[in-house]
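Enquirer: Dropping the structure in here first, questions after.
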Amino acid sequence: DTGVSQNPRHKITKRGQNVTFRCDPISEHNRLYWYRQTLGQGPEFLTYFQNEAQLEKSRLLSDRFSAERPKGSFSTLEIQRTEQGDSAMYLCASSLWTRGGELFFGEGSRLTVL
Amino acid sequence: AQKVTQAQTEISVVEKEDVTLDCVYETRDTTYYLFWYKQPPSGELVFLIRRNSFDEQNEISGRYSWNFQKSTSSFNFTITASQVVDSAVYFCALSEGDTGANSKLTFGKGITLSVRP
């Protein structure tokens, strides 16, 4: 499978715990994005990387959220001290920088905070 | 600030009917890109089309066609002779500026299309 891979697919946690999601993009794609989607809404931009550089981060993203892409390949999204409002589907996507906006999405990681 | 409005929330049609999904956008930039994505029941978003603000030509791809009108800030999507497999949530999205430098997309809330046999 050469698509975007996300793990875990589903995470249930208690409020206050930390969670980490991993995304493996399509290998030749140098851009990687994180979006969040809640029920009945469109995806909401969180952050994106070009290679290992984090180029933009949404102002909606609190300090409890951090994303990394250490070697320009896979990426992790960590949420510290989770809150019930963090419950959502976290989507990862990748693209070539020459084809901006043509995002290839993974199946998402669903977070449920109890 | 950029904004995408998809006023229709749910549409239900019978197979073989034509259906048009509306999208209205707001932006202050003169350079921008518009997109449509499909999210089938399996959940994975799939890219359908990208259009830049300087190209108002309509586009047709098989049963799909797109009508871009800057005068009304609309980028509507028509499916001709709909099929059950077209059932999905369809999102319109906008990206401002040179897409090569900025690919942050702003999505609308989506339109749920149900095609009945």
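If you read the sequences in order, they're chains A and B. For the first sequence, the residue numbers in the numbering used here are 1 to 114. For the second sequence, the residue numbers in the numbering used here are 1001 to 1117. From the three backbone atoms N, C-alpha and C, an ideal C-beta is built for every residue, glycine too. These numbers come from a predicted model, not from an experiment.
#1: Given a cut-off of 8 Å on the beta-carbon distance, is the pair B:K1109 and B:Q1006 in contact?
#2: Should B:G1100 be flagged as near chain A, meaning a C-beta pair shorter than 8 Å?
#3: Could you have a look at A:T38 and say whether DSSP puts it in helix, strand or coil?
#4: So A:K14 is in the beta strand (DSSP E); what residue range does that whole segment cover?
#5: With a Cβ-Cβ cutoff of 8 Å, do A:C23 and A:G106 count as a contact?
#6: In this structure, how does DSSP classify B:Q1069 when only helix, strand and coil are distinguished?
#7: Can you have a look at A:L96 and say buried or exposed, based on whether 16 or more other CB atoms are within 10 angstroms of its CB?
#8: Evaluate B:I1079 with the Cβ neighbour count: other Cβ atoms within 10 Å of its Cβ, from every protein chain shown; 16 or more gives buried, anything less gives exposed.
#9: By Cβ distance below 8 Å, which residues in the same chain neighbour A:S75 in space, the five residues on each side in sequence not counted?
#10: With distances taken from CA atoms, which of A:Q54, A:A53, A:S58, A:N51 is nearest A:E44?
#11: Any heavy atom of the ligand FAD closer than 7 Å to the Cβ of B:T1106?
#12: Considering only their Cβ atoms, is the gap separating B:T1112 from B:V1084 smaller than 8 Å?
Expert: Inspection of the coordinates gives the following:
#1: Counted from its first residue, the second sequence places residue 1109 of chain B at position 109. Counted from its first residue, the second sequence places residue 1006 of chain B at position 6. Yes; because the gap between Cβ atoms is below 8 Å, this pair is in contact.
#2: The residue you call residue 1100 of chain B lines up with position 100 of the second sequence. Confidence at B:G1100 is low in this model, with a pLDDT of 49, below 50, so the placement of that residue is unreliable and no value is reported for it.
#3: Position 38 of the first sequence, counted from the start, is the residue given in the question as residue 38 of chain A. In the three-state DSSP reduction, A:T38 falls in the coil class, being neither helix nor strand.
#4: Stepping through the first sequence from its first residue, residue 14 of chain A is reached at position 14. No beta strand (DSSP E) holds A:K14; DSSP gives it neither H nor E.
#5: Here the question's residue 23 of chain A lines up with position 23 in the first sequence. Here the question's residue 106 of chain A lines up with position 106 in the first sequence. Going by C-beta atoms, A:C23 is nearer than 8 Å to A:G106.
#6: Here residue 1069 of chain B corresponds to residue number 69 of the second sequence, with the count starting at 1. Here B:Q1069 sits in strand by DSSP.
#7: As a working mapping, residue 96 of chain A is identified with position 96 in the first sequence. Classification for A:L96: exposed.
#8: Against the second sequence, residue 1079 of chain B aligns to sequence position 79. By the 10 Å Cβ count, B:I1079 comes out buried.
#9: The count along the first sequence starts at 1 and reaches residue 75 of chain A at position 75. Around A:S75: R22, C23, P25, L32, W34, F49, A67, E68, R69, C92.
#10: Translated into the one-based positions of the first sequence, residue 44 of chain A becomes position 44. Considering only alpha carbons, the answer is A:S58.
#11: By its list of ligands, the structure shown contains no ligand whatsoever, and the ligand FAD lies outside what it can speak to.
#12: Mapped onto the second sequence, residue 1084 of chain B falls at position 84. Mapped onto the second sequence, residue 1112 of chain B falls at position 112. No, they are not a contact pair.
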